[in-house]
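Counting in the numbering used here, the sequence shown runs from 20 upward without gaps. Just so you know, even glycine gets a beta-carbon here, dropped at the ideal spot from N, CA and C. Beneath this line is the structure, given in structure tokens, with notes to follow.
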Amino acid sequence: MLKKLLKHEWKETWRIPALSCAIMIILTLVSVICFVRMDPPANANELNAGAFVLMMFYVLTISCVSVIVSIYVAIRFYRNLYTDEGYLMHTLPVTARQLILSKLIVGGIWYFLVTVLSLWAILIILIFGVPVMVIGDFDMSLSVVISYAKEYSHALFGMSLPAFSIFNFFYFLVSAVSNVLIVYGAVSLGQLFSKHKVMASILCYIGVTILIQTVTSLAMTPYLTKMIITQVGSPQGPGIPDFMGVFMRNTYIITFVACILTGIGCYVLSEYLMKKQLNLD
């Protein structure tokens, strides 16, 4: 039955995320064409205002598209399981776990794709936009960027570039699933209220997010403090503190573990509330 739920969920939800991805790709291509046709400023003390405005507009638009996908995932979960549609969904011969998993798998896949596409798009824009924004000896070709990344990967991230790439693949995947589960947990908590369930869900999401960020920041405080007060040893690169690599690696690990624990907690909460505290509109 889970397979049928997945097929149905995919058919019902693919349009908005796919349109969002298409918008990002088209906007990236248009922005690249605009940057290619621009010239850097004539004076070294000047800034190409057109290139700067275009880049800021682009980054803002990409961020908005990502937020729209997140909102759509939340609305889909709420409408399909906690409104009138929920009366039908909860009478199907399926368990609460199957309902959550079907939406989680589809929502997680789209969230992951949008995240990776957003990062790729911003990288492309930086490669083409920075050289025309200011005067300087910039060689932002992809080969040069990769070369610098390989050279300073250990100094910046505490691991080699291949290891960093593999780690980030799994990190983005786990983060996508965790973010979707946080949304589900907030919506499930919000439906416990008799009135203003949408507002309650939003407040629950804000509260959970702040709590997660606070706990994660406290866990990283010792490493951040040490990085600030420890400036002993040979620098690892131009302007790179010698403690930066260890700090960043520990930061990634702590954040990765936090995503896993948060996802598990929100999943357990969502399933429990759906089984024991279901409150449909």
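Distance between beta carbons of residue j and residue i, contact taken as under 8 Å
| i | j | result |
| --- | --- | --- |
| Ala219 | Gly209 | 4 Å |
| Ile120 | Leu192 | The amino acid at residue 120 is misidentified as Ile; the sequence shows Leu. Contact flag wrong, Cβ pair sits at about 16 Å. |
| Ile201 | Cys285 | 5 Å |
| Leu1 | Phe266 | As displayed, the chain neither begins before 20 nor continues past 300, which places residue 1 out of reach and without an answer. |
| Met43 | Val84 | 6 Å |
| Asn67 | Met152 | 5 Å |
| Phe131 | Ala195 | 4 Å |
| Pro181 | Pro59 | Contact flag wrong, Cβ pair sits at about 34 Å. |
Extent of the continuous alpha helix (DSSP H) to which residue i belongs
| i | result |
| --- | --- |
| Leu66 | No alpha helix (DSSP H) holds Leu66; DSSP gives it neither H nor E. |
| Gln117 | Ala115 to Met152 |
| Leu292 | Met263 to Lys295 |
Where residue i sits in the DSSP three-state scheme
| i | result |
| --- | --- |
| Ser179 | coil |
| Lys214 | coil |
| Arg56 | coil |
| Ile87 | helix |
| Met20 | coil |
| His109 | coil |
| Leu100 | helix |
| Leu79 | helix |
| Leu299 | coil |
| Trp33 | coil |
| Ser253 | Note that Ser253 scores 46 on pLDDT, short of 50, meaning its location in the model is unreliable and no value can be drawn from it. |
Exposure of residue i, with buried meaning 16 or more beta-carbon neighbours within 10 Å
| i | result |
| --- | --- |
| Tyr167 | exposed |
| Phe189 | exposed |
| Glu31 | exposed |
| Trp139 | exposed |
| Tyr106 | exposed |
| Met74 | buried |
| Lys216 | buried |
| Ile229 | exposed |
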